[in-house]
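Colleague: Below are the C-alpha cells for one structure; questions will follow.
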DNA sequence: GCCGGGGTCCACCGGTCGGTGGACCCCGTG
DNA sequence: CACGGGGTCCACCGACCGGTGGACCCCGGC
C-alpha cells in the first residue's frame with residue numbers, strides 16, 4: 001500500500017467516512033501517491049498536518065468545529081509549503097472566494113472523475129493551481145466585479161431581513177433609524193442586482209453570502 | 001473480492017465517483033456483503049436494478065437527470081422486493097418525506113460511521129427499516145402535523161415570491177387578482193409559522209419545500 | 001490643507017404588503 | 001338532500017416597504 005520514498009504524501013480531511021474511504025481508494029492505486037493520514041474535522045487536520053507535514057492536503061469545507069477554510073489558514077500559517085486542495089460538493093461564489101483567500105491552491109468538486117482527481121493531486125504537488133472548470137469560471141466573474149461585495153453593515157441588515165425582521169425591528173437591533181436600514185438595503189439591492197428584499201435574501205443564499213443555519 | 005452465494009447483493013447509485021469508491025471500499029471488507037454494480041445517475045440505477053435484481057440499493061438523492069426519488073419509484077414498481085436505502089448528505093424534511101413516500105426502507109446520512117453503514121445494509125436486507133436518528137426525529141415531527149403541507153396553489157404563489165415577484169406580478173402570471181395572491185400567501189404564512197414573505201421563503205428553503213436553483 | 005470617495009446615517013412620498021371579512025365551488029358524510 | 005370542510009377566489013384599510021434627496025464622518029492623495 002505504501003509508496004516509494006519520493007511519492008506525494010497526501011492528507012485527507014473530510015467529516016464523511018464514506019468520502020474519506022473513497023479518496024483513499026481512488027488514490028491508493030497510484031504508486032506515486034501515498035495517503036499518509038485522515039482527519040475527520042478541521043482541528044484534526046491541523047494537528048495531523050503538523051505531525052505529518054504532507055505535500056498535499058485534500059480538504060473538505062463543511063466540517064464540524066473548525067471548518068475547511070479555517071483549517072487551511074492555520075495549516076498554511078505553520079507550513080507555507082503545503083498545498084491545500086479544496087474538495088467539496090458546494091461551489092458557491094463565497095465558498096470559492098473564501099477558500100482562495102485562505103490560501104488554497106486548488107478547488108475541486110466531488111463529482112470529479114477518478115483520473116482528473118489523481119492528476120490534480122500530482123499537479124498541486126508540483127505547485128500548480130488546479131481549479132474545476134465551473135469553479136474557474138465563477139472565480140473570474142467574481143474577481144471581475146469587486147464592487148459587489150457587501151459592507152459589514154449591509155451584511156448585518158441583510159441578515160436581519162433573512163431572519164424575517166421588519167426594517168423597524170432591524171433598526172432597533174442595530175440602534176439606527178428605520179430609514180437608515182432602508183438605505184443599506186437599497187445599496188444591497190443594487191449590489192446584488194435585485195429590487196426587493198426577498199430576492200435579495202435568496203440571491204445571497206445562492207451565492208453563499210448568507211449562511212443558512 | 002466476490003462473496004459467498006448467499007451474500008447480500010448491493011447496488012450503489014451516486015453521481016460522485018469518490019463516494020461510490022468509498023461505499024465500495026467500506027462494504028468490500030465484509031464477506032457477507034457484495035457490491036454487484038455501480039450507477040452514476042438515476043437512469044443507470046434503474047437499468048442496473050433490472051439487470052442485477054440486487055437485494056439492497058444504496059441510493060443518493062441529488063443526481064443529474066433522474067434523481068434518487070424517481071429512480072426509487074421506478075425500481076420498486078418493477079421489483080417490489082428490492083430494499084432501497086437512501087444515502088445522502090441532505091436531510092431536509094421534504095427530501096425525507098419524498099423518499100419515504102417513494103418507498104425507501106432506509107434513510108442514512110453520509111457522515112454515518114463505517115460500522116453503522118454495514119449494519120444498516122444488513123438490516124435493510126432483512127427487511128428492517130433503518131433511519132438515521134436525526135432523520136427519524138424529523139420524520140416523526142413531520143407526520144405529526146400534516147396540516148402544514150402546502151396546497152399546489154400555495155406552492156405556486158410561494159415560488160413566485162421566491163423569484164422576487166410582487167403580488168401583482170404573481171397574480172398576472174397565475175391569472176388571479178392580487179388580493180387572491182395575498183390570501184394564499186397568508187395561508188402559507190400560517191402554515192409555516194411566519195408572518196412575512198421573506199421569512200416564508202427562507203423557511204421553505206430550509207425545509208426543502210422550495211428548490212434553490 | 002483641501003478635496004474626494006466610501007461608509008454610515010436620516011426625513012419625506014407613493015406604491016406595496018400584511019391582515020380582515022366574505023364569497024364561491026367542489027366533494028365526501030351523515 | 002343538507003351540511004360542512006377544504007381549496008380557491010376577491011375587495012377594502014392601515015402599516016410597511018422601495019425609492020429619492022441629502023447630511024455627516026473618516027481616511028487617503030494630491
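Chains as they are written, first to last, in the working numbering: chain D, 1 to 213; chain G, 1 to 213.
Beta carbons: idealized from backbone N, C-alpha and C, even for Gly.
Output, in chain order, the set of chain G residues within a Cβ distance shorter than 9 Å of residue 12 of chain D.
Modeller: Within chain G, no residue comes near residue 12 of chain D; the closest Cβ sits about 10 Å away, beyond 9 Å.
Colleague: Name the chain D residues that come within less than 8 Å of residue 211 of chain G, Cβ to Cβ?
Modeller: Result: empty, since nearest Cβ-Cβ is about 11 Å, beyond 8 Å.
Colleague: May I ask you to verify whether the stretch 38-57 of chain G touches the stretch 7-17 of chain G, counting CB pairs closer than 8 Å and requiring at least 3?
Modeller: Counting C-beta pairs with one atom in each stretch, the stretch 38-57 of chain G and the stretch 7-17 of chain G have three or more that are closer than 8 Å, which means they touch.
Colleague: Exposed or buried, which one is residue 82 of chain G when buried takes at least 16 other CB atoms within 10 Å?
Modeller: With 16 or more Cβ atoms within 10 Å of its Cβ, residue 82 of chain G is classed as buried.
Colleague: In chain D, which residues lie with their C-beta within 9 Å of the C-beta of residue 20 of chain G?
Modeller: Near residue 20 of chain G (Cβ distances below 9 Å), the residues of chain D are 22.
Colleague: Taking beta-carbon pairs under 8 Å, can you tell me which members of the stretch 106-120 of chain G lie near chain D?
Modeller: 110, 111, 112, 113, 114, 117
Colleague: Are the stretch 112-131 of chain G and the stretch 22-35 of chain G touching by the rule of at least three beta carbon pairs closer than 8 Å?
Modeller: yes
Colleague: To the nearest angstrom, how far is the alpha carbon of residue 1 of chain G from that of residue 89 of chain D?
Modeller: Reliability fails at residue 1 of chain G, whose pLDDT of 49 lies under 50, so the model's placement of it is uncertain and no value is given.
Colleague: Against residue 95 of chain D, what residues of chain G qualify as contacts under a CB-to-CB distance less than 8 Å, listed in chain order?
Modeller: Here the premise fails: no neighbours, minimum Cβ distance about 15 Å.
Colleague: Between the stretch 49-68 of chain G and the stretch 164-171 of chain G, do three or more beta carbon pairs fall short of 8 Å?
Modeller: no
Colleague: Distance check for residue 136 of chain D and residue 110 of chain D, CA to CA, integer angstroms please.
Modeller: 15 Å
Colleague: When we look at the beta-carbon of residue 140 of chain D and count the other beta-carbons within 10 Å, is it buried (16 or more) or exposed?
Modeller: exposed
Colleague: Closer than 8 Å is the cut-off here; do at least three beta carbon pairs connect the stretch 150-160 of chain D with the stretch 178-187 of chain D?
Modeller: yes
Colleague: Is the CB-CB distance between residue 85 of chain D and residue 124 of chain D below 7 Å?
Modeller: yes
Colleague: In three-state DSSP terms, what is residue 88 of chain D?
Modeller: strand
Colleague: Which same chain residues, not among the five before or five after residue 11 of chain D, have their C-beta less than 8 Å away from its C-beta?
Modeller: Shown here for residue 11 of chain D: same chain residues with a beta carbon closer than 8 Å to its own, the five before and five after excluded, namely 35, 36, 37, 38, 39, 45, 48, 49, 52, 54, 56, 57, 58 in chain order.
Colleague: Please return the same chain residues whose Cβ sits closer than 8 Å to the Cβ of residue 134 of chain G, not counting the five positions on each side in sequence.
Modeller: 91, 109
Colleague: Can you name the residues of chain G whose CB is closer than 8 Å to the CB of residue 26 of chain D?
Modeller: Within 8 Å Cβ-Cβ: 17, 18, 21.
Colleague: Could you spell out the range, first to last residue, of the beta strand (DSSP E) harbouring residue 9 of chain G?
Modeller: 8-13
Colleague: Which partner residues does residue 38 of chain D have in the DSSP bridge list?
Modeller: D/12
Colleague: In chain order, what residues of the same chain lie with their CB nearer than 8 Å to the CB of residue 195 of chain G, ignoring the 5 residues before and after it?
Modeller: 189
Colleague: Assuming residue 106 of chain G is part of the beta strand (DSSP E), what are its boundary residues?
Modeller: In the DSSP assignment, residue 106 of chain G falls within the unbroken beta strand (DSSP E) covering 106-109.
Colleague: Answer yes or no: does any C-beta atom of chain G fall closer than 7 Å to that of residue 135 of chain D?
Modeller: Not an interface residue.
Colleague: How far does the beta strand (DSSP E) with residue 61 of chain G in it reach, from first residue to last?
Modeller: Premise fails: residue 61 of chain G is in no beta strand (DSSP E) and is neither H nor E.
Colleague: In whole angstroms, give me the CA-to-CA distance for residue 7 of chain D and residue 122 of chain D.
Modeller: 10 Å
Colleague: For the alpha helix (DSSP H) that residue 148 of chain D lies in, which residues bound it at each end?
Modeller: Unbroken run through residue 148 of chain D: none, as it is neither H nor E.
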